[in-house]
Amino acid sequence: MIDASPLRRLRDLLSLGQVALALAGVALAGGVSAPSLLLFVGLVAVAWWRPLPPVASPRSQRAWTALVFVALVATLVRAVARAEFLDAGVDFLLLLAVQRMFNRQRAREHAQLLLLGALLMVVGAVINTELSYPLLLTAYLLVATMALVVNTLMAEGERLGPRVMLRLAQEGHRRRRPLWRAAAGVAALAGTGALLTFLLFPRFGVGFFLRGQLPGETRSGFSDEVQLGGFGTIKTDTTVVMRIRPEHDPLLARTTWHLRGSSFDRYEGGRWSHGPAAPLGPLRAAYGYQTVTDDGVGRLYRDTGNTNQLRRRPLPGVAASTELERATVLAEDIGADLLFVPSEPVAVRVLARGALESRARAVGGRNHEIRVSKAPGPVQYQALWRPGEPSRAELLAVGEPEPDEELAPFLQRSAGLGPEVGELARRIVGDAPTRLQKVEAVLEHLQGFEYTLDERISARVQAGADPVEGFLLDTQAGHCEYFATAMAVLLRELDVPTRIVNGYYGAHRNEVGDFYAVRQADAHSWVEVHFGALGWVTFDPTPPAGRTAGDEAPWWPAASELLDAMRNTYLEYVIDYDLGKQLAALERLGLRGSDRAPSGIGRTVVLGLVMLGAGAWWWRRQGRGGRGEERPETRLLRRVLRRLAARGFAVTPDEGPLAIARRLRERGHPAAAELKRFLRRYEALRFGATAEPGELGRLRRDAQAALRALRARA
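Quick note: the sequence shown uses this note's numbering, first residue 12, plus one each step.
Following this line, the structure appears as structure tokens:
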């Protein structure tokens, strides 16, 4: 078995450490499956603790070669047949790393482990956009650089033989602190070079490849069908799914936006979906936006009067119908192609973050949904909406309009509902003459129900009844989906067109990042009721305390705000750093043609780089003992060693100068005594605690005597 010297153990630890750091960057982005990760950890543990033979046996080499070949074929099959490019590639890299860990006797295997670690780090750079990656990269640069330094020493030992290997192992272990300092310096230089390349080299930005984690499962409530009870499972999830920067900041701790996402018209057996007759709402291009249309007419128009501003097209009967708000929205990947806009949506514009997103655009869906034509993933867009709703007087003035034929999908009754639901609806509204009064009566009735995230299933539902029947007639307790569904089915029993909407309610102001954060816990359901010429109007039957139930989700507000602001800054200025931002940064630095002088930020960056370079130079001087020049005794030694080399007595890597003196004495060389005297005095002066006065002069005389003796022999 291989004798594990301290330097060899350090090399093993460093090789494994740099692979582990790179793998962490991939795993934290969901780039490796849990079974693969557990299997890798188990096999590496076996390889680490098993006795390592001096040389791998031919049988084991053949077995590993066959296994790698089979794995390569399986990887190609997975990549081609199942399109699992990432998973298959990462699994194959992990297998190669395991194979190298089982056969890590020589420097060559450790160099291959370094290569595998670098490949995994590149994979992590593509898929990991979290703050964890720059931290892992910093640690990786240091560990990988030290691993390269130690492996280079061990490779020289393997090349020069066992005696040199022993000396290198001893010296390397004894000088490990200077080696760590050197590795840190090289890693810092590499990091600085990478940073400068990132800042200055023309680029498109990886944001247009992927921004955020890998596409995962669709979040509850935003698939093509929604089962009652989905939102109750995510009311404690504080994951930020959206960041909103409004043009006119309301400066509220929490907004009351109803961020509209998916909308459904068909209800059957506790499930909402798009019915076959659900109307499509195509968007139209207008003024650089895609605007929502009503009967083929876009909602967005330009006021050609004194203001010449974009407005919402006037709605007869609503005084404030032309008001318009604007915001930039940065939505994380939730597994759905929806664009969320506060009610009432007017228009959207996708903001491409790279060349591959330049053709992405907003498209209309069913029931006035707004979707985006791009691959699943995060998206940035600008949203325009009408901030207010019609007043109560304006809604009362509508009376009880006769439903049009195209509203038939929103009047369908569920075949599974019993007659008690219709009786309850008529009992609630009594003889209310107008649509608004019917809506208000249903809202008032539901306000007496209890909001809870617990799923209370009544005996009626257990016997096969519709879940909303149990909510209305038995438990009278549930969360937002139950309240919205109950209101929709009750009003449909009264021939009032309704549809359910799933989205998010409100947003929390992040004071650090100066934006509004929407969390998964803010997911919510509400109802839209059709009011004739006024169109669809939002009503929220959930009790006010229930609408903000997500606020009770456990988190540490100050720390969470800081981390989310840092992550947003990292995403915006690192992940989405593209050619446009690069040119703007160069202008601020004064490195690109501009009429402006370098900005304060630019001067700060330049000054920081200068200080970094000065600090590296000073640190390098300190690493040499704080001396700018070579010590005089060292210059004398080099002069004598050069003369020895010229006489055929060069010092080999495995011997010191005193060994040369012994060689000269064994050959009867007359300079042996003078050389030994010089070397003894050199060691005392160079490595002794204190030097006596005049010692350097005596060393010079001894050096001259040794040089004369060598010349005389020549």
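The beta carbon of each residue, even a glycine, is placed where N, CA and C say it ideally should be.
Quick one: what does DSSP say residue i is sitting in, helix, strand or coil?
| i | result |
| --- | --- |
| Trp537 | strand |
| Val726 | For residue 726 there is no data in the structure shown, the boundaries of the chain being 12 and 725. |
| Gln320 | coil |
| Thr266 | coil |
| Leu83 | helix |
| Val30 | helix |
| Leu350 | coil |
| Asn139 | coil |
| Arg722 | helix |
| Gly433 | helix |
| Pro478 | helix |
| Arg73 | helix |
| Gly223 | Legend: pLDDT at Gly223 = 44, less than 50; position of this residue unreliable, no value from coordinates given. |
| Leu362 | coil |
| Ile612 | Residue placement at Ile612 is poorly supported in this model, since its pLDDT is 48, which falls under 50; the coordinates are not used for a value here. |
| Pro65 | coil |
| Ala330 | coil |
| Tyr298 | coil |
| Thr229 | Because the pLDDT at Thr229 is just 44, under 50, the model does not fix this residue reliably, and the value given afterwards should be weighed accordingly. DSSP places Thr229 in coil when its eight states are reduced to three. |
| Pro555 | helix |
| Leu428 | coil |
| Gly441 | coil |
| Glu455 | helix |
| Asp276 | coil |
| Val500 | helix |
| Ala373 | strand |
| Leu407 | helix |
| Pro189 | helix |
Checking 7 Å against the spacing of the C-beta atoms, do residue i and residue j come in under that value?
| i | j | result |
| --- | --- | --- |
| Arg337 | Leu395 | yes |
| Val37 | Val134 | yes |
| Glu706 | Leu696 | yes |
| Arg323 | Val359 | no |
| Gly183 | Leu63 | no |
| Leu131 | Leu34 | yes |
| Trp283 | Val329 | no |
| Arg256 | Thr339 | yes |
| Leu349 | Gly286 | no |
| Phe482 | Pro552 | no |
| Ser274 | Glu380 | yes |
| Tyr462 | Pro554 | yes |
| Ala714 | Leu647 | yes |
| Gly309 | Arg295 | yes |
| Ala347 | Phe460 | no |
| Pro508 | His456 | no |
| Ala82 | Leu106 | yes |
| Leu146 | Leu32 | no |
| Leu127 | Leu104 | yes |
| Thr342 | Val390 | Checking the sequence, you will find Ala at residue 342 rather than Thr. A contact, by the Cβ cut-off of 7 Å. |
May I ask you to check if the CB of residue i is nearer than 6 Å to at least one heavy atom of the ligand MG?
| i | result |
| --- | --- |
| Trp268 | The ligand MG is not among the ligands present in this structure, which contains no ligands whatsoever. |
Going by DSSP, name the residue or residues bridged to residue i.
| i | result |
| --- | --- |
| Tyr515 | Leu270, Ala534 |
| Asn378 | BP columns for Asn378 are empty, so no partner. |
| Phe526 | Asn521 |
| Met253 | Ala342, Val529 |
| Phe660 | Bridge partners of Phe660: none, in fact. |
| Pro508 | Per DSSP, none; premise fails for Pro508. |
| Glu236 | Ser284 |
| Arg337 | Leu395 |
| Glu461 | Ala488 |
Can you tell me the Cβ-Cβ gap for residue i and residue j, rounded? I've got them flagged as a contact below 8 Å.
| i | j | result |
| --- | --- | --- |
| Val4 | Ala371 | With the chain represented from 12 up to 725, any question about residue 4 goes unanswered, as that position is not in the structure. |
| Ala488 | Arg467 | 5 Å |
| Asp506 | Leu422 | 6 Å |
| Thr156 | Ala198 | 4 Å |
| Gly202 | Leu152 | 6 Å |
| Ala288 | Ala419 | 7 Å |
| Val161 | Leu27 | The pair is not a contact, with the Cβ atoms about 13 Å apart (cut-off 8 Å). |
| Ala1 | Gly168 | Past the boundaries of the shown model lies residue 1; the chain is included only from 12 to 725, so the question cannot be answered. |
| Leu484 | Arg471 | 7 Å |
| Leu326 | Tyr298 | Actually they are not in contact, since the Cβ atoms of Leu326 and Tyr298 sit about 19 Å apart, beyond 8 Å. |
- Item | Touch test, the segment 540-560 against the segment 450-465, Cβ-Cβ under 8 Å, three pairs minimum | yes
- Message: Check whether the segment 101-113 and the segment 69-81 are in contact - that is, three or more C-beta pairs closer than 8 Å.
- Response: yes
- Query: On the three-pair Cβ rule with 8 Å, is the segment 712-722 touching the segment 650-658?
  - Reply: yes
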